[in-house]
Every structure is written in C-alpha cells, then in structure tokens.
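Visitor: Which chain is which? The protein sequence lines are A and E, in order.
Residue numbers 4 to 296, in the working numbering, belong to the letters of the first sequence in order.
Residue numbers 27 to 164, in the working numbering, belong to the letters of the second sequence in order.
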Amino acid sequence: METVAFYSYKGGVGRSLLLAHAARFLAKLGKGVVALDFDFEAPGLHYKFGFDQISDPPTFTGGTVPYLIATAEGAASPPRLIDQMLVPPRPVDIRGWVWLMPAGPAPHKIYWAALKQLGERLRLGDPSGQGLMALLDLRARIADELKPDYLLIDARTGVTELGSLATTMLADTVVCMFAVNQESFDGTLKVVEALECAPRLASQKPIRVVLAPSRNSVTDIVVSEVAANILRESGHNDLQLFVLPHDNLPASETLSAFLAALQGLPEAFRGTLSHRYRLRPKFFRTFHPPPAL
Amino acid sequence: METDILNTLVTEAIWRAEELEALGIRPASSAWKEVSKIEEQLAQAFPLSEAQGRIARRGAVDAALKAGDYDRAQALTDAYLADESAPASLKAGLHEILDEADQAISSRFQHAAEHHTPREARELARRFSETGPFGLAA
Numbered sequence: 004m005e006t007v008a009f010y011s012y013k014g015g016v017g018r019s020l021l022l023a024h025a026a027r028f029l030a031k032l033g034k035g036v037v038a039l040d041f042d043f044e045a046p047g048l049h050y051k052f053g054f055d056q057i058s059d060p061p062t063f064t065g066g067t068v069p070y071l072i073a074t075a076e077g078a079a080s081p082p083r084l085i086d087q088m089l090v091p092p093r094p095v096d097i098r099g100w101v102w103l104m105p106a107g108p109a110p111h112k113i114y115w116a117a118l119k120q121l122g123e124r125l126r127l128g129d130p131s132g133q134g135l136m137a138l139l140d141l142r143a144r145i146a147d148e149l150k151p152d153y154l155l156i157d158a159r160t161g162v163t164e165l166g167s168l169a170t171t172m173l174a175d176t177v178v179c180m181f182a183v184n185q186e187s188f189d190g191t192l193k194v195v196e197a198l199e200c201a202p203r204l205a206s207q208k209p210i211r212v213v214l215a216p217s218r219n220s221v222t223d224i225v226v227s228e229v230a231a232n233i234l235r236e237s238g239h240n241d242l243q244l245f246v247l248p249h250d251n252l253p254a255s256e257t258l259s260a261f262l263a264a265l266q267g268l269p270e271a272f273r274g275t276l277s278h279r280y281r282l283r284p285k286f287f288r289t290f291h292p293p294p295a296l
Numbered sequence: 027m028e029t030d031i032l033n034t035l036v037t038e039a040i041w042r043a044e045e046l047e048a049l050g051i052r053p054a055s056s057a058w059k060e061v062s063k064i065e066e067q068l069a070q071a072f073p074l075s076e077a078q079g080r081i082a083r084r085g086a087v088d089a090a091l092k093a094g095d096y097d098r099a100q101a102l103t104d105a106y107l108a109d110e111s112a113p114a115s116l117k118a119g120l121h122e123i124l125d126e127a128d129q130a131i132s133s134r135f136q137h138a139a140e141h142h143t144p145r146e147a148r149e150l151a152r153r154f155s156e157t158g159p160f161g162l163a164a
C-alpha cells in the first residue's frame with residue numbers, strides 16, 4: 004500500500020478536491036483506494052465525494068475521530084473499520100474501488116463533541132508514543148484488512164501536530180500544494196525542507212515530495228517551467244513538480260487549452276519568485292516560454 | 027524530609043491516584059506523577075541495601091509509566107541501573123516494568139506493532155515533541 008498525504012501550508016488551494024480526483028482516477032485504473040480525512044478542525048472530504056447531506060441526527064456516526072476515541076479508550080475489541088467508512092457510488096465503467104473514512108459526521112454538533120473528547124483522551128504527538136502508535140495502527144489496519152493499493156490522506160493545513168504526523172510519520176509520498184504567491188510559496192518550501200530531513204521509523208523510506216502549484220493565475224506551462232528552474236537554483240534538484248490547472252482537472256484534459264492561451268511570463272509571478280531567491284535578472288532574460296499554439 | 031512523612035504521603039498519593047483512575051477521571055496521570063516524585067524522594071532516602079529503597083525505586087519507575095511519562099521512567103531506570111550496587115533482582119525488575127509497558131502498548135495496537143516497536147515510536151514522538159510540528163522549532 005502506497006500512502007500519499009495531500010498537504011498545503013495555506014488553505015483554499017483545492018487540496019481535498021485534488022485528493023478526490025486522484026482517488027477516482029486511480030479507481031478508474033482498477034486500483035483500490037482508501038481516502039482518509041485527517042483535517043479534523045475543518046473536515047469536508049466527504050463533500051468532495053458527494054456526501055453533502057448530513058441528517059439530524061446523523062445516520063452515519065463513524066469516521067477517523069470516533070475510531071481514534073475508541074482506540075484511545077483501549078477497547079478490547081476495536082471498532083470494525085468498515086463501520087467507519089462511507090462508500091461513494093461507483094460508476095459502472097470503474098474497475099477499482101474507493102472507500103472514504105471521513106473525519107466524522109461533520110459539521111453536525113456530535114462531531115465537534117467527539118473532537119473535543121478526542122483532545123481530552125489522546126494527544127497524538129504525546130511523547131509517550133501512544134498517539135503515534137494509534138495513528139500507525141490505523142494505517143496498518145487499513146493495509147491489513149482492506150488491502151487497498153493506495154491510502155490517500157487529506158492532511159491538516161499549516162504547521163500543526165496532526166498535519167506533521169500525517170505527512171512525516173504516515174506518508175510515503177507527500178503532495179505539497181501551494182498557490183502561486185509569496186506567502187504560500189515561502190511557507191511551503193520551509194515545510195518541504197523539513198520533510199526532506201524528517202526523522203522516520205526504521206522500516207520507512209525517506210519521504211518523496213511532490214510539489215503542486217495550484218490556483219494559477221498564469222498558464223500552467225509557464226508556472227511549471229519557472230518553478231522547476233527556481234527549485235533547481237535553490238538546490239532542490241530531486242523534487243518532483245506537477246503543476247495543476249486552475250480548475251484542478253487532470254492536466255492531460257486541459258493542457259492543450261492552456262497552451263493555446265499561453266502568453267509571456269507575468270510580471271507579478273516573476274517578481275514573487277525572483278525576490279524570494281534573489282535570482283540574477285539573467286535567469287529571467289534567458290527564460291523563453293514555449294511558443295503559443 | 028522525614029521518611030515517615032514521605033511514607034504517609036506516598037500511601038495517600040497512591041490511594042488518590044487509584045481512586046481517580048477507578049472513577050475514570052483523566053487527571054489521574056498527574057496524580058501518578060506525584061506518586062513517582064515521592065517514590066523518588068524515598069529512593070534517595072533509603073539505600074539499595076534496604077528493601078524499602080528497592081521498592082521505592084521500582085515504585086518511582088512504575089508510577090512514572092502510569093503517568094504516561096515514559097521519558098521519566100526511562101531516565102529513572104537508567105539512573106538506578108547505573109548504580110553498581112544495584113542487585114540483579116532490582117535490575118531485572120526494572121527491565122520487566124518497562125517491558126510490560128511496551129507489551130501493553132503492543133497488544134493495544136497490534137497492527138502497528140507488527141511493523142514498529144513502541145520504543146521506536148516513543149523515540150520519534152519524543153523528538154517530535156522537542157522540535158514541534160515538522161521539526162520547524164528545532
């Protein structure tokens with residue numbers, strides 16, 4: 004099972020939506036996918052899978068938070084994983100499958116009560132290691148019992164305990180999404196640098212980081228070229244970069260339209276990145292965007 | 027401090043911690059921390075040659091674990107084991123207390139325990155706790 008965490012330093016970059024697209028895309032390829040909502044303070048991954056009607060009282064009361072409360076209690080027989088999952092409707096032409104473990108029945112009040120309870124019972128980053136073991140156990144149990152090809156985690160935005168654990172401790176790959184602006188880029192790069200040297204458990208490989216600029220106000224191909232050069236200049240030669248179209252649809256479907264709209268390098272974007280890395284003007288003078296179609 | 031007072035205090039502290047735990051009141055961990063501190067004082071007051079000194083050393087480590095403070099439990103164990111006059115029975119007893127705590131975690135998180143040891147997770151959590159999320163506060 005490959006675990007991929009979707010992270011963003013700032014919110015509003017389409018992180019959950021990309022995760023949902025990725026899950027469906029992988030299912031189309033015949034893969035089994037579990038999507039896990041770890042954005043406990045602002046959960047909403049279930050909306051991206053079409054579960055946007057929360058009844059009162061909720062008919063579904065499972066999810067990551069209720070599950071972790073039960074395990075924090077040290078239940079002799081932990082709750083069944085399948086009871087914590089929602090199964091999105093599967094189109095007939097899809098060979099694989101997607102199961103969703105939402106954070107809980109958010110935004111109903113019983114979810115917020117459960118989240119408060121979790122905070123009182125289990126501090127995930129506690130030095131005792133029990134919180135970390137609880138998270139590792141959830142991941143291992145998903146792998147053992149559900150046997151998906153991919154576990155996709157919607158990680159908490161910003162520099163938080165949960166966001167850090169979901170990325171540094173649970174993930175094999177971290178997709179770091181950012182909007183093309185100074186504050187988003189600066190913060191993201193700090194986190195990326197931290198991810199690259201994050202301590203890992205003995206059996207874990209180093210984290211693979213994929214950068215994904217999103218919400219671009221310039222064409223994707225421009226963002227891609229410039230961002231790749233900037234990363235090389237700043238010594239990040241091994242970072243993978245996947246530039247998302249503004250609407251977050253798979254690049255293959257929209258790239259030609261973006262290429263057709265290609266115009267030069269916008270001044271604002273140039274200013275943002277050149278200021279950040281104090282790059283020589285030569286760099287930008289020698290940069291030639293590909294010709295418009 | 028008089029050892030009689032310490033003995034009275036530790037008895038009361040243990041009773042209090044057990045009652046809090048039985049009632050399911052969460053701050054029981056701070057009560058166990060108190061027990062561990064008093065046991066540590068008793069361990070300083072009684073030499074290893076006396077049974078009460080050995081009991082206090084085990085009690086200090088055991089209570090630290092019940093408080094969820096594995097770092098303290100490990101530090102106390104290391105200090106007690108470093109004493110050359112520590113009898114083999116005490117050394118074995120202290121190791122046993124730590125091993126039992128690890129086994130309790132392993133049996134609670136069986137799936138994770140197939141891949142990772144509690145000690146390994148604890149070490150990582152400790153580093154995490156010291157350096158903050160993403161290690162950015164290091």
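A virtual CB, placed ideally from N, CA and C, is assigned to each residue, including glycine.
#1: In terms of residues, what are the limits of the alpha helix (DSSP H) holding M136(A)?
#2: Which residue from L89(A), P61(A), D55(A) puts its Cα closest to that of T67(A)?
#3: For my contact list, I64(E) and L107(E) are in at a C-beta cut-off of 8 Å; report their separation, rounded to the angstrom.
#4: Between A90(E) and the rest of its own chain, which residues show a CB-CB distance below 8 Å, the 5 nearest in sequence each way excluded?
#5: Based on DSSP bridge pairs, tell me the residues matched to D40(A).
#6: L173(A) and A8(A): beta carbons closer than 9 Å?
#7: Expressed to the nearest angstrom, what Euclidean distance is found between the alpha-carbon atoms of E149(E) and G132(A)?
#8: Taking a cut of 9 Å between CB atoms, which residues from the stretch 151 to 162 of chain A lie near chain E?
#9: Hey, does P144(E) have any beta-carbon neighbour from chain B nearer than 9 Å?
#10: Might you give, ordered along the chain, the residues of its own chain that have their beta carbon closer than 6 Å to the beta carbon of E44(A), omitting 5 neighbours on each side?
#11: Taking a Cβ distance cut-off of 8 Å, strictly less, list which residues of the stretch 184 to 195 of chain A are near chain E, in chain order.
#12: Quick one: give me the first and last residue of the beta strand (DSSP E) that A30(A) is part of.
#13: Is the shortest distance between the beta-carbon of R83(A) and the beta-carbons of chain E less than 9 Å?
#14: Rounded to the nearest angstrom, what separates A93(E) and A130(E) at their Cα positions?
#15: With distances taken from CA atoms, which of H137(E), A43(E), L74(E) is nearest E110(E)?
#16: Near R18(A), which residues of its chain fall below 6 Å by C-beta distance, leaving aside the five closest residues on each side in sequence?
#17: Which residues of chain A have a Cβ atom closer than 7 Å to the Cβ of A86(E), listed in chain order?
#18: When we look at the beta-carbon of H121(E) and count the other beta-carbons within 10 Å, is it buried (16 or more) or exposed?
#19: Going by beta carbon distance, what residues of the same chain come within less than 6 Å of E270(A), once the five residues before and after it are set aside?
#20: With a cut-off of 8 Å on the beta carbons, I'd call A86(E) and A69(E) a contact; round off their distance for me.
#21: Which residue from D140(A), V183(A), A30(A), P209(A) puts its Cα closest to that of A215(A)?
#22: Using only the alpha-carbon positions, how far apart do G65(A) and R126(A) sit?
#23: Could you tell me the alpha carbon to alpha carbon distance between P108(A) and P159(E), rounded to whole angstroms?
#24: According to DSSP, what are the bridge partners of V61(E)?
#25: Within 10 Å of its beta-carbon, does G274(A) have 16 or more other beta-carbons around it, so buried, or fewer, so exposed?
#26: So, helix, strand or coil for Y106(E), using DSSP?
#27: Which whole-angstrom value describes the C-beta separation of R211(A) and T176(A), a residue pair presumed to lie in contact below a C-beta threshold of 8 Å?
#28: What does the alpha-carbon distance come out to for the pair A164(E) and R124(A)?
#29: Taking the continuous alpha helix (DSSP H) assigned at T37(E), which residues delimit it?
#30: Just to check my reading of the structure: D137(E) and D147(A) have Cβ atoms closer than 8 Å, yes? What is that Cβ distance to the nearest angstrom?
#31: Could you tell me which of D96(A), L22(A), L192(A), V178(A) sits nearest to K31(A), measuring between CA atoms?
#32: If we define contact as Cβ-Cβ less than 9 Å, is L139(A) a contact residue for chain E?
#33: Decide if A197(A) is buried, meaning its Cβ has at least 16 other Cβ atoms within 10 Å, or exposed.
#34: Chain E partners of L135(A), CB-CB under 7 Å?
#35: Nearest-angstrom Cα distance between A230(A) and E186(A)?
Guide: Result, derived from the coordinates:
#1: 133 to 144
#2: L89(A)
#3: Not a contact, Cβ separation roughly 21 Å.
#4: W58, K59, S62, Y96, R98, A99, L102
#5: D157(A)
#6: yes
#7: 8 Å
#8: G161, V162
#9: Absent here is chain B; the protein component of the structure consists of chains A and E.
#10: none
#11: K193, V194
#12: Here A30(A) belongs to no beta strand (DSSP E); instead the alpha helix (DSSP H) covers 18 to 31.
#13: no
#14: 14 Å
#15: L74(E)
#16: F9, S11, M180
#17: By Cβ distance, chain A contributes nothing, its closest Cβ being about 17 Å from A86(E), past 7 Å.
#18: exposed
#19: Confidence is the limiting factor: at E270(A) the pLDDT is only 39, short of 50, which leaves the residue's position unreliable and the question unanswerable from this model.
#20: 6 Å
#21: V183(A)
#22: 20 Å
#23: 27 Å
#24: Note: V61(E) sits in no beta bridge, so no partner.
#25: Note that G274(A) has pLDDT 41, beneath the 50 cutoff, so the model's placement of it is unreliable and the number below is only indicative. Flag for G274(A) reads exposed.
#26: helix
#27: 4 Å
#28: 27 Å
#29: 29 to 48
#30: First, the residue type needs correcting, since residue 137(E) is His and not Asp in the sequence shown. The pair is a contact, with the Cβ atoms about 6 Å apart (cut-off 8 Å).
#31: D96(A)
#32: yes
#33: buried
#34: A147, L150, A151
#35: 15 Å
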